[in-house]
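Asks: Residue numbers (mature numbering (1 follows the signal peptide of the UniProt record, and there is no 0)): 1 to 331.
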Amino acid sequence: QQKPQVMILATGGTIAGAGASAANSATYQAAKVPVDKLIAGIPEIAKLADVRGEQVFQIASESFTDEHLLTLGRRVAALAKQDNVDAIVITHGTDTLEETAFFLNLVVPTDKPVVLVGSMRPGTALSADGALNLYNAVATASDRASRGKGVLVVMNDEIFSGRDVAKTINIRTEAFKSPWGSLGMVVEGKTYWFRAPVKRHTVNSEFNIDSVKSLPSVGIAYGSGNATDVAYKALAANGAKAIIHAGTGNGSVSAQVVPALRELRQQGVQIIRSARVTGGGFVLRNAEQPDDQYDWVVSHDLNPQKARILAALALTRTTDAREIQRFFMEY
Ligand SMILES: NC(=O)C[C@H](N)C(=O)O
1 QQKPQVMILA TGGTIAGAGA SAANSATYQA AKVPVDKLIA GIPEIAKLAD
51 VRGEQVFQIA SESFTDEHLL TLGRRVAALA KQDNVDAIVI THGTDTLEET
101 AFFLNLVVPT DKPVVLVGSM RPGTALSADG ALNLYNAVAT ASDRASRGKG
151 VLVVMNDEIF SGRDVAKTIN IRTEAFKSPW GSLGMVVEGK TYWFRAPVKR
201 HTVNSEFNID SVKSLPSVGI AYGSGNATDV AYKALAANGA KAIIHAGTGN
251 GSVSAQVVPA LRELRQQGVQ IIRSARVTGG GFVLRNAEQP DDQYDWVVSH
301 DLNPQKARIL AALALTRTTD AREIQRFFME Y
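Quick look at the structure:
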């Protein structure tokens with residue numbers, strides 16, 4: 001029986017990192033090791049799939065820009081159209097992995113598995129997690145049951161939806177969580193599924209990378225005690241078409257900030273209330289603030305950085321806040 005043909009697109013991150021000694025699990029340089037060397041270090045992968053590597057970028061993921069997202073999205077979409085590619089694995093830094101995963105989940109119209117993977121320790125460290133994570137990602141990508149579930153993230157033996165997974169701690173190998181749980185597990189090269197996403201994605205998405213030429217500027221400003229409106233005004237003055245309010249609690253907005261946000265909305269800037277809570281927000285429309293009256297949007301359960309991705313894509317289609325709200329409820 002023919003093995004699945006899996007393309008591994010490498011973008012850098014700690015999974016391609018290298019430290020000075022085996023004791024350096026947290027002090028190292030990301031984005032050092034080329035993809036062919038990563039693959040060569042895991043000969044067991046050849047039993048799962050015929051893999052080919054391609055170095056798309058070699059960067060730490062905190063340096064990802066919208067241009068990187070568009071370039072990667074176009075490459076993934078082009079590969080997904082090829083008959084000789086059954087699935088795509090993307091190695092990625094963990095810092096913004098959740099943003100890239102959500103972006104691809106929205107813009108790549110394919111049923112084929114697309115799986116993102118990273119690591120918390122560089123490959124040079126004792127108990128490095130990258131090799132097993134990459135092996136598990138190829139196993140998940142090779143599984144026919146992974147088709148049609150949207151873009152997936154495999155970390156620490158768990159399979160997550162790229163839509164709602166997030167990095168929740170910056171030091172443990174158990175770093176990624178979704179407020180709604182993982183979709184399944186991957187153990188010894190075999191997947192075990194428990195649930196599937198119900199939100200719109202990939203083939204059912206209204207967004208398509210082929211029609212996204214560029215992304216508008218969307219800024220994020222953080223809510224806290226003693227808040228001021230300085231950051232919001234500065235973002236708008238620098239061309240932000242939408243501002244994600246990483247709000248306290250249920251996306252609440254301090255009384256000192258509300259007037260500026262109302263004013264910015266009147267000038268055409270979209271105001272999107274999200275939540276800075278780390279366990280996963282759940283921002284309700286018209287709770288805490290009268291969104292209908294102010295013509296604001298809520299990000300619902302999407303964290304601020306995921307809300308930035310969806311807001312930017314939404315703005316390529318509409319400037320109507322109600323239509324943007326529909327996107328936030330459906331995706
Ligand atoms: N663990 C990691 O991958 C962190 C690294 N700073 C990155 O995102 O590229």
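Note that CB positions come from ideal geometry on N, CA and C, so glycine has one too.
Measuring CB to CB, does residue 30 end up less than 8 Å from residue 60?
Replies: For the purposes of this step, residue 30 is taken as residue 30 along the sequence shown, with counting starting at 1. For the purposes of this step, residue 60 is taken as residue 60 along the sequence shown, with counting starting at 1. Yes. Within cutoff.
Asks: To the nearest angstrom, report how far apart residue 239 and residue 105 are at their CA atoms.
Replies: Here residue 239 refers to the residue found at position 239 when the sequence shown is read from its first residue. Here residue 105 refers to the residue found at position 105 when the sequence shown is read from its first residue. Answer to the nearest angstrom: the Cα atoms are 27 Å apart.
Asks: Please list, in chain order, all residues of the same chain as residue 172 whose beta carbon is under 8 Å from its beta carbon, the five residues on each side excluded.
Replies: Your numbering for residue 172 matches position 172 in the sequence shown. Correct list, in chain order: 120.
Asks: At the level of alpha carbons, what is the spacing between residue 70 and residue 57?
Replies: Counting from one through the sequence shown, the residue named residue 70 turns up at place 70. Counting from one through the sequence shown, the residue named residue 57 turns up at place 57. Roughly 12 Å between the two C-alpha positions.
Asks: I'd like to confirm the pairing. Which residues does DSSP put opposite residue 163 in its beta bridges?
Replies: Taking the sequence shown and counting its residues from 1, one reaches residue 163 at position 163. For residue 163, which the question treats as bridged, DSSP gives no partner whatsoever.
Asks: Please tell me whether residue 321 and residue 269 are closer than 8 Å, where the distance is taken between their beta carbons.
Replies: Within the sequence shown, numbered from 1, the residue matching residue 321 stands at position 321. Within the sequence shown, numbered from 1, the residue matching residue 269 stands at position 269. In this structure, residue 269 does not lie closer than 8 Å to residue 321 by Cβ.
Asks: Is residue 13 near ligand 1, in the sense that its beta carbon is under 7 Å from a heavy atom of that ligand?
Replies: The residue labelled residue 13 in the question sits at position 13 within the sequence shown. Checking the Cβ of residue 13 against ligand 1 gives yes.
Asks: Please go through the same chain and pick out, in chain order, the residues whose beta-carbon is closer than 7 Å to the beta-carbon of residue 308, but skip the five residues on each side of it.
Replies: Position 308 of the sequence shown, counting from 1, holds the residue named residue 308. For residue 308, where only same-chain residues beyond five positions count, the Cβ hits under 7 Å are 218, 220 and 244.
Asks: From residue 188 to residue 136, what does the alpha carbon distance come to, in whole angstroms?
Replies: In the sequence shown, residue 188 corresponds to position 188, counting from 1. In the sequence shown, residue 136 corresponds to position 136, counting from 1. Between residue 188 and residue 136, the C-alpha separation is close to 8 Å.
Asks: Where does residue 50 sit, in a helix, a strand or coil, going by DSSP?
Replies: Within the sequence shown, numbered from 1, the residue matching residue 50 stands at position 50. Looking at residue 50 - three-state DSSP - the assignment turns out to be strand.
Asks: Taking the Cβ atom as the reference point for each residue, do residue 151 and residue 126 lie within a distance shorter than 8 Å?
Replies: Sequence index remark: in the sequence shown, residue 151 carries index 151 (1-based). Sequence index remark: in the sequence shown, residue 126 carries index 126 (1-based). Taking 8 Å as the Cβ cut-off, residue 151 and residue 126 do not qualify as a contacting pair.
Asks: Need the endpoints of the alpha helix (DSSP H) that residue 329 sits in, please.
Replies: As a first step, residue 329 is located in the sequence shown; it is residue number 329 there, counting from the start. Residue 329: member of the alpha helix (DSSP H) spanning 321-330, first to last residue.
Asks: Could you please give the first and the last residue of the uninterrupted beta strand (DSSP E) stretch that includes residue 190?
Replies: For the purposes of this step, residue 190 is taken as residue 190 along the sequence shown, with counting starting at 1. 190-193 is the span of the beta strand (DSSP E), which, as asked, contains residue 190.
Asks: What is the DSSP secondary structure of residue 261, reduced to helix, strand or coil?
Replies: Residue mapping note: residue 261 aligns to position 261 of the sequence shown, counting from 1. Helix.
Asks: Does the beta-carbon of residue 192 have 16 or more other beta-carbons within 10 angstroms, so that it is buried, or is it exposed?
Replies: For this step, residue 192 is matched to residue 192 along the sequence shown. When all chains shown are included, residue 192 counts as exposed.
Asks: Report the residue from 167, 109, 285 and 19 whose alpha carbon sits nearest the alpha carbon of residue 149.
Replies: For the purposes of this step, residue 149 is identified with residue 149 of the sequence shown, where counting begins at 1. The residue with the shortest Cα to Cα distance from residue 149 is 109.
Asks: Taking only runs that begin and end inside the stretch 247-294, name each unbroken beta strand (DSSP E) of 3 or more residues, in chain order.
Replies: 270-275
Asks: For residue 211, count neighbouring Cβ atoms within 10 angstroms of its own Cβ and tell me buried if that reaches 16, exposed if not.
Replies: Within the sequence shown, residue 211 is the residue found at index 211, counting from 1. Its Cβ having fewer than 16 others within 10 Å, residue 211 is exposed.
Asks: Under the criterion of a Cβ to heavy atom distance below 7 Å, does residue 155 qualify as lining ligand 1?
Replies: Translated into the one-based positions of the sequence shown, residue 155 becomes position 155. The closest heavy atom of ligand 1 lies 7 Å or more from the beta carbon of residue 155.
Asks: Are at least three pairs of beta-carbons, each pair with one atom in the stretch 243-258 and one in the stretch 196-206, less than 8 Å apart?
Replies: No: fewer than three Cβ pairs fall under 8 Å.
Asks: Where are the beta strand (DSSP E) runs, 3 residues long or more, that stay fully inside the stretch 102-172, in chain order?
Replies: Runs found: 114-117, 152-155 and 158-161.
Asks: Tell me whether residue 162, by its Cβ, gets closer than 7 Å to a heavy atom of ligand 1.
Replies: Here residue 162 refers to the residue found at position 162 when the sequence shown is read from its first residue. No, the Cβ of residue 162 stays beyond 7 Å of every heavy atom of ligand 1.
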